Structures are given as structure tokens and as C-alpha cells.
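Peer 1: One rule links them: number in the numbering used here = place in the sequence shown (from 1) + 20. Below you will find the structure I want to go over with you.
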Amino acid sequence: MKKQQRGRTGSHRRPRKSPERQKSVLFDIISGTVLIVAVCVFVFSLYQLVMMLIPYYTGGKEYDEIQDLAVEADADGTGFSVDFDELLAINSDTIAWIRFDEPSIINYPVVKSADNEEYLTKTFAENDNKLGAIFMDMRNNSDFSDRNTIIYGHHLNVSPDMFSRLNMYEDEEFCKEHPDFYIYTPDGKIRTYTVFAAGEISAVSENYVVDFASDEEYEAFLGKCSADSAYPVDVELNAQSQIITLSTCTNDGDANRFVVRGVLTAID
């Protein structure tokens, strides 16, 4: 009788993975995890960027619509006129319109509130938005009759809107080429101001005085304004001069401001 072959008991063993193969799998897992995290971070960052830029877009679009509604001008910029009835229907705080030939983007309605806080975060149409509005100092008279009228506007690092392009007047040649800006008022007058000083100044109150006890005090203030300018400008100033101070923030936080000061040289 043939002997039966004794069968093997137990299951076949799986071949063990080599150390190199294990390292490869581990590397793939780590790489995949890192990729997923990187994509998540990118998507979140993109979301934050979009959310940050939306107010600038919507605010800029709002001001474009206001210009289309209230401003008429020829293709070359001549014949510029402002419909203040339209502006006042939108916002009763309207007191003026400010316009530069260049930088042409500075072309906005001007408002005045009971304080200097409201329009830091509210547009001309009174919508909450970080663009804010161009507004006159609450201490000033709305008819631009003060010796020093102060107008504020934001400097925006990611947008050219508001007073973001005011610092183009750091360049003396730019000032020589574009020395004037204009204020339009509801009484139909056009006031021309010629820049006599531009530069970065301290934010302390002595640079933002609107009332002066005497002609001598005012003339001393005008002298200080000229001395603080980044370059000299040959414009006549005296105790009868009426000036406008255009003020915006800088990248130095709350310590300094960039200002452009213009003196009234014509009323049409």
C-alpha cells in the first residue's frame, strides 16, 4: 500500500514588505497629507483675500455710479459740472465735490458730519464700507470760509481709491505739472486751489489748527506749513489767504499723516 503524503498544515505566509517599500508607502502618506493641508491653507487664504477685497470693489463701484449720476463732463474733462440736487437726494450731508485733473481718480463728493468718525467707515451713500468717504473736519464751516479748511480721506494699500494717490505729490515735478485742484459747491461756485506744500507731517493737533487768534499767528502757521513741505513751492501766502489741508494716513500707523495744502487762487 502506498503511503499517503502528509499534507502541510497552516496557511501560506504573505511575503513581508521590504524596508524600502515601507518607506515609500510612508512617504506617499505624508506627501498626500501635506498636499491636502497645503490646498486647505491656499483655499482659506484665497477666501480671506476675496473677503478683504470685496469691500474695495463694492465701494469703488458705488462711487463710479455716483459719478455717472451726478457729474457731467466732456470726453477731455472740460465742461465739468456737478448736479448737487442728485447728491443731496442721496445724502443730505453733501457740502462739495473735490476734483483733481491728475491724479484724476480723486474725483469725489465731500460730506460733513457732526463728528470726525462717522465717515471713516461709511461711504457717501451711507453704506458700511472701509473705503469711507471724503469728509470735512467737523470744526470747519461748510462754505469753505475758514482760513484753514481740513478734508480727510483714506489711504488704501490695495486700492487707488479715495486719497490713496494723494502722495503722488511727494514728487516735486508732479506738483509742477499739476499744481491745482478744484472744489465745487452747491451755490454753483468753483474754487481753484494751488498746491503750496506737500509732505509727511506729525499727526499732532498743531498741524491741524482751524482757528487763529491773530493774523500773526496765522502767518506763522502758514510759514510752518511751507517749512514742512517736502520741497519749496513759489506761491504767495499772506494773512488773507484761505487754504485747504487734504489729509490722509501713511504706512507709519497713527504717528504721521501725508498732507497736500492748497491756497485759494480763484473763484468762478
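Just so you know, even glycine gets a beta-carbon here, dropped at the ideal spot from N, CA and C. All values reported here derive from a predicted model rather than from experimental measurement.
Taking the Cβ atom as the reference point for each residue, do Tyr128 and Ile170 lie within a distance shorter than 7 Å?
Peer 2: It is not a contact, given that the beta carbons lie outside the stated cut-off.
Peer 1: For Met21, I'd like the list of residues in its chain whose CB is within less than 6 Å of its CB, leaving aside the five on either flank, ordered along the chain.
Peer 2: Residue placement at Met21 is flagged as unreliable, the pLDDT there being 46, under the threshold of 50; the coordinate-derived value follows with that caveat. So the list is empty, once near-sequence residues are dropped.
Peer 1: Candidates Glu146, Lys196, Ser165 and Leu108: which alpha carbon is nearest Asp121's?
Peer 2: Nearest of Glu146, Lys196, Ser165 and Leu108 to Asp121, Cα basis: Lys196.
Peer 1: Near Val130, which residues of its chain fall below 7 Å by C-beta distance, leaving aside the five closest residues on each side in sequence?
Peer 2: Ile115, Ala116, Trp117, Ile118, Ile154, Phe155, Met156 and Ile171.
Peer 1: Give me the Cβ distance between Ile221 and Arg277, rounded to the nearest whole Å; I'm assuming they're in contact under 8 Å.
Peer 2: Contact holds; Cβ gap of about 6 Å.
Peer 1: On the DSSP bridge list, what partners appear for Ala153?
Peer 2: Ala153 is not bridged to any residue.
Peer 1: Could you give the DSSP three-state label for Tyr202: helix, strand or coil?
Peer 2: In this structure, Tyr202 counts as strand in the three-state DSSP scheme.
Peer 1: Rounded to whole angstroms, what's the CA-CA distance from Gly219 to Glu138? Just pull it up for me.
Peer 2: Approximately 26 Å between the Cα atoms of the pair.
Peer 1: How many angstroms separate the CA atom of Tyr238 from the CA atom of Thr78?
Peer 2: Each residue's Cα considered, the two are about 42 Å apart.
Peer 1: For Cys289, which beta-bridge partners are listed by DSSP?
Peer 2: In the structure as shown, the chain starts at 21 and stops at 288, and residue 289 therefore has no counterpart that could be examined.
Peer 1: Looking only at DSSP bridge pairs, what is Val230 linked to?
Peer 2: Answer is none; Val230 lacks a bridge partner.
Peer 1: Since Asp148 sits in a beta bridge, which residues does DSSP pair it with?
Peer 2: DSSP lists Lys142 as partners of Asp148.
Peer 1: Can you grab the Cα-Cα spacing for the pair Arg185 / Ala233, in whole Å?
Peer 2: Approximately 34 Å, taken between the alpha carbons.
Peer 1: DSSP three-state call for Lys132: helix, strand or coil?
Peer 2: Strand at Lys132.
Peer 1: Consult DSSP for Glu220 and reduce its assignment to one of helix, strand or coil.
Peer 2: Correct three-state label for Glu220: strand.
Peer 1: Tell me which residue opens and which closes the beta strand (DSSP E) that Ala116 is part of.
Peer 2: From DSSP, the beta strand (DSSP E) with Ala116 extends over Thr114 to Phe120.
Peer 1: Which residues in the same chain have their Cβ closer than 7 Å to the Cβ of Ala250, if we skip the five residues on either side of it in sequence?
Peer 2: Same-chain partners within the cutoff: Glu190, Ala218 and Gly219.
Peer 1: Of the residues Ser246, Gly80 and Leu107, which one's Cα is nearest the Cα of Ile125?
Peer 2: Considering only alpha carbons, the answer is Gly80.
Peer 1: Identify which residue in Met182, Asn149 and Asn177 has its Cα closest to the Cα of Ser267.
Peer 2: Minimum Cα distance to Ser267 is reached at Met182.
Peer 1: Between which two residues does the alpha helix (DSSP H) harbouring Ser267 extend?
Peer 2: Per DSSP, Ser267 belongs to no alpha helix (DSSP H); it is in the beta strand (DSSP E), Ile263 to Thr270.
Peer 1: On the three-state DSSP scale, how would you describe Ile287?
Peer 2: It is a strand residue.
Peer 1: For Glu92, which residues does DSSP report across the bridge?
Peer 2: Bridge partners of Glu92: Ser101.
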